[in-house]
Amino acid sequence: MKNSLLKNGFYNTVGGVVRIGLAVLTIPILIRMLGIEEYGLWTLAYAVVQVVNLAEAGLSVATTVFVSQDIVKEDADDLSNSLSETLTVTFGGMLIFATLAAISLLFGAELIVSLFPKLGQVQQLTIQHALQIGGLVVWARLLQRVLIGVEQAYQRYDLTNLFNTIESLLLSFGMLIVTWLGGRTIALMQWQAVAAIAILLGHIWVFRTLTHNMKLHVNWNKKRGLAIARYSLMTWLTSLGGMIFARGDRLIVGALLGSKILAVYATITDLTTVISRLSDLPVQPLLPALSKIITILDKDKTKLQQQIKQAVEINTLIALGLGTVFFTLAPFLMHVMLGDVVKSEYILAFRIMIIIETLHSLYAVGYYVLFSVNAVVENLAIHLFSSLLSIVLIYLFSNRFGLIGAVLGNAGFLCVLSAIVWGMKYLNINQNTWLRWYKLPLFCFITFAIVGFIVKDSFEFILCLCIVQVIMLIKWFIDSQAKENNTIIKFFDYKRFQKLLFNKNKKY
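Numbering of the sequence shown is given in the numbering used here, commencing with residue 359 and proceeding in unit increments.
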């Protein structure tokens with residue numbers, strides 16, 4: 359399990375770095391080519407499409423969990439029948455939901471556009487046409503999710519990340535070419551549809567490769583259908599909470615503050631989301647791995663605790679490290695992304711959002727643990743409460759404080775950190791034990807952030823603090839891994855690396 363977690367986490371991280379890097383590099387170029395008003399318009403249209411993606415109804419995660427449990431069966435006929443029952447429910451259900459979602463965008467686009475009165479008439483017509491095309495994007499991407507769920511269950515994160523990276527390349531370079539040729543929001547959405555269909559065909563090929571030796575057929579089992587439906591419903595409601603926070607905020611900011619401020623807000627949130635996405639990727643394989651362990655009744659507490667500790671430390675290292683670097687480089691990043699329109703208010707808002715997103719990123723392990731132990735009700739309650747609180751705060755603070763208020767409202771989503779508490783409780787890991795895993799790096803990061811806000815105008819001083827903070831994080835991680843003598847030690851000689859970096863008696 360450890361080797362597969364590290365390997366799949368590595369695939370996720372490498373693919374994620376490439377995809378996120380492409381997305382981040384594309385944003386400033388698009389802003390300059392489109393103009394900030396048109397970019398805000400594109401952001402609004404794409405945010406609506408992403409919200410409609412919630413029609414997946416939790417079937418993607420359910421596919422990963424249930425297929426992971428199916429493939430441990432040794433009898434070939436039993437495996438084929440069980441997998442057929444699962445895929446009949448998940449793929450059939452997703453096909454229905456995807457088609458309904460596409461139809462809703464096709465015929466409901468005009469109604470959706472009417473919710474944004476601050477848009478001009480031409481802008482409303484542009485959004486309406488783009489959303490109708492977006493229906494095809496939603497249909498293709500929803501079907502992709504079930505196929506990706508199967509790939510993850512088979513631990514083929516290499517193939518999943520390969521196709522996701524290819525899609526990112528197609529989207530990033532394609533959007534730049536479309537914009538360079540004079541295309542705007544509608545043309546960009548058309549390109550999204552072409553890329554989504556192409557990648558769907560690729561995932562279908564991978565699915566057929568993985569299951570070519572099985573006699574898959576339509577096989578409805580009422581008991582299995584109800585079990586998947588219950589799990590999917592809870593998972594979907596949990597995803598609903600996350601999407602309300604991730605994209606619903608943009609709809610509110612766009613409606614209250616207009617497309618220009620929305621473009622700035624979207625740029626800030628897109629940049630800071632890099633922190634949570636990259637720190638989440640290495641621990642994402644926990645879901646199928648823990649689901650499989652629980653299924654085969656392998657519940658060695660020592661091994662399980664060591665596995666969770668490793669995931670926590672990797673997640674913490676990446677999240678706090680990225681948060682520290684982003685905070686330090688905030689003025690530079692804002693000027694790169696927005697150019698001459700940058701104000702001191704934008705940099706302050708960006709730094710506040712960095713702190714919020716960095717702390718939010720630490721909940722990843724708790725999130726996947728709760729799904730693995732089938733505690734979807736707790737995950738649902740945590741996400742819905744946190745999302746709704748955040749949305750309410752964004753609405754209230756945006757009205758009163760503008761952009762800064764919208765950013766501060768995101769703090770409501772930090773309630774998701776309670777997922778860590780519940781996840782560790784389900785695994786019977788003592789509270790003092792897991793708190794020790796977080797205590798030192800979190801204390802250092804909070805201290806760095808407080809001092810950074812106090813001396814916010816002294817870049818050189820903040821840079822020095824950043825270097826010290828990053829070195830301390832690396833040393834903490836190396837020391838911890840060396841003590842455990844776990845799988846990472848087999849890949850890298852950490853003790854030797856530690857001696858080279860931190861040997862105080864070294865003579866020069």
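We put the beta carbon where it would ideally sit given N, CA and C, even for glycine.
Computed from a prediction, not measured in an experiment: that's the story for all the values here.
Worksheet item: So, using beta-carbon positions, are Ser526 and Val376 closer together than 8 Å?
Response: Counting from 1 along the sequence shown, the entry for residue 526 is found at position 168. Counting from 1 along the sequence shown, the entry for residue 376 is found at position 18. Their beta carbons are under 8 Å apart, which means Ser526 touches Val376 by this criterion.
Worksheet item: Could you check where the alpha helix (DSSP H) with Ile429 kicks off and where it finishes?
Response: Within the sequence shown, numbered from 1, the residue matching residue 429 stands at position 71. Per DSSP, Ile429 belongs to no alpha helix (DSSP H) and is neither H nor E.
Fill in: Cα-Cα separation, Leu717 to Leu678
The count along the sequence shown starts at 1 and reaches residue 717 at position 359. The count along the sequence shown starts at 1 and reaches residue 678 at position 320. Cα to Cα, the separation comes out at about 8 Å.
Worksheet item: Over what stretch of residues does the alpha helix (DSSP H) that includes Ile705 continue unbroken?
Response: As a working note, residue 705 is residue 347 in the sequence shown. In this chain, the alpha helix (DSSP H) harbouring Ile705 covers 702 to 719.
Discussion item. Alpha carbons only, please: which of Ile740, Val765, Leu742 is nearest the one belonging to Leu751?
Written reply: Walking along the sequence shown from the start, residue 751 turns up at place 393. The option with the nearest alpha carbon to Leu751 is Val765.
Discussion item. Here's the rule I'm using: 16 or more other beta-carbon atoms within 10 Å means buried, otherwise exposed. How should Gln827 be labelled?
Written reply: Position 469 of the sequence shown holds residue 827. Burial call: buried.
Worksheet item: Is Val731 helix, strand or coil by DSSP?
Response: Numbered from its first residue, the sequence shown carries residue 731 at position 373. Residue state, collapsed to three classes: coil.
Worksheet item: Any idea if Leu696 is buried or exposed, counting beta-carbon neighbours within 10 angstroms, 16 or more meaning buried?
Response: Position 338 of the sequence shown, counted from the start, is the residue given in the question as residue 696. Residue environment analysis places Leu696 among the buried positions, since at least 16 neighbouring C-beta atoms fall within 10 angstroms of its C-beta.
Worksheet item: If you draw a straight line from the alpha carbon of Leu655 to that of Leu453, how long is it in whole angstroms?
Response: Within the sequence shown, the letter at position 297 stands for residue 655. Within the sequence shown, the letter at position 95 stands for residue 453. With a pLDDT of 48 at Leu655, under the threshold of 50, the modelled position of that residue is not reliable, and the figure given next carries that caveat. For Leu655 and Leu453, the gap between their C-alpha atoms comes out near 34 Å.
Fill in: Beta-carbon proximity of Thr457 to Leu417, cut-off 8 Å
The sequence position of residue 457 within the sequence shown is 99, counting from 1. The sequence position of residue 417 within the sequence shown is 59, counting from 1. Taking C-beta atoms as the reference points, Thr457 and Leu417 fail to come closer than 8 Å.
Worksheet item: Could you give the residue range of the alpha helix (DSSP H) that holds Leu477?
Response: Here residue 477 refers to the residue found at position 119 of the sequence shown. Premise fails: Leu477 is in no alpha helix (DSSP H) and is neither H nor E.
Worksheet item: For Ser634, which residues from the same chain have a beta carbon less than 7 Å from its beta carbon, with the 5 sequence-adjacent residues on both sides left out?
Response: Counting from 1 along the sequence shown, the entry for residue 634 is found at position 276. Here the set comprises Glu715, His718, Ser719.
Worksheet item: Which residue's Cα is closest to the Cα of Phe806: Thr484, Leu680, Ile672, Val632?
Response: Position 448 of the sequence shown, counting from 1, holds the residue named residue 806. Ranking the options by Cα distance to Phe806, first place goes to Leu680.
Worksheet entry | Every unbroken alpha helix (DSSP H) inside the stretch 501 to 562 [4 residues or more] | The stretch 501 to 562 contains these whole alpha helix (DSSP H) runs: 515 to 538.
Practice prompt. Determine the direct distance from the alpha carbon of Gly507 to that of Leu412, and round the result to whole angstroms.
Written response: Along the sequence shown, read from residue 1 onward, the residue named residue 412 stands at position 54. Along the sequence shown, read from residue 1 onward, the residue named residue 507 stands at position 149. Looking at the two C-alpha atoms, the distance is approximately 16 Å.
Worksheet item: From what residue to what residue does the alpha helix (DSSP H) around Ala621 run?
Response: Residue numbering aside, residue 621 sits at position 263 when the sequence shown is read from its first letter. Taken as a continuous stretch (DSSP letters only), the alpha helix (DSSP H) holding Ala621 covers 607 to 638.
Worksheet entry | Residues near Ala554 in its chain [Cβ-Cβ closer than 6 Å; skip 5 each side] | Locating residue 554 in the sequence shown gives position 196, counting from the first residue. Val495, Ala498, Arg499.
Discussion item. Quick check: what's the CA-CA separation for Phe531 versus Gln550?
Written reply: The sequence position of residue 531 within the sequence shown is 173, counting from 1. The sequence position of residue 550 within the sequence shown is 192, counting from 1. If you draw a straight line from the Cα of Phe531 to the Cα of Gln550, it comes to about 11 Å.
Practice prompt. Flag Thr625 as yes when its Cβ comes closer than 7 Å to any non-hydrogen atom of the ligand SAH, and as no otherwise.
Written response: Among the ligands in the structure shown, none appear at all, so the ligand SAH cannot be discussed.
Discussion item. Using CA atoms only, rank isn't needed, just tell me which of Leu831, Phe729, Ser617, Lys476 is closest to Leu595.
Written reply: Here residue 595 refers to the residue found at position 237 of the sequence shown. Leu595 has its Cα closest to that of Phe729, out of Leu831, Phe729, Ser617, Lys476.
Worksheet entry | beta strand (DSSP E) runs wholly inside the stretch 757 to 791, at least 3 long, in chain order | Counting only unbroken stretches of 3 or more residues, no beta strand (DSSP E) element lies wholly within the stretch 757 to 791.
Practice prompt. Determine, using beta carbons only, whether Ala777 and Tyr721 come nearer to each other than 8 Å.
Written response: In the sequence shown, residue 777 corresponds to position 419, counting from 1. In the sequence shown, residue 721 corresponds to position 363, counting from 1. With contacts defined as CB atoms closer than 8 Å, Ala777 and Tyr721 qualify as a contacting pair.
Worksheet entry | Through-space distance from Ala460 to Ala585, alpha-carbon basis | The residue labelled residue 585 in the question sits at position 227 within the sequence shown. The residue labelled residue 460 in the question sits at position 102 within the sequence shown. Cα to Cα, Ala585 sits roughly 27 Å from Ala460.
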